[in-house]
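In what follows, a structure is listed as structure tokens, so that the remarks can point back to it.
Residue numbers (my numbering): 1210 to 1323.
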């Protein structure tokens, strides 16, 4: 299983990588807001873990790219009041800083439902 982690904070992405590698034994690729389109072009990701702020208003192209990846999606956020991402209703949102178990459960459910 391949997972793409897209986060503006590289250290956060590295923590997600560590957690998911330990929990699922998966291959994790880290991308930034600047280079994630190149990572998406490679394809083959089962899951994309992405900071919800990257799909905020005005980011329509980013949303289309994520949708077209045909991967399960898990959002992360610093916004404690965020209940959903427009266009991606019903998908998991994990609050940062996250507990390992929360992230693992969200990714596991996303995989099972995809």
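Yeah, the Cβ is synthetic: ideal placement off N, Cα and C, and Gly gets one too.
In this structure, what does DSSP give as the bridge partners for residue 1258?
-> For residue 1258, which the question treats as bridged, DSSP gives the partners 1214, 1283.
Could you tell me which of 1210, 1309, 1314, 1300 sits nearest to residue 1221, measuring between CA atoms?
-> Nearest C-alpha to residue 1221: 1309.
Short check: CB of residue 1282 to CB of residue 1257, under 8 Å?
-> For residue 1282 and residue 1257, yes; Cβs fall inside 8 Å.
Skipping 5 residues on each side, what residues in its chain have a beta carbon closer than 6 Å to that of residue 1245?
-> Only 1215 meet the Cβ criterion.
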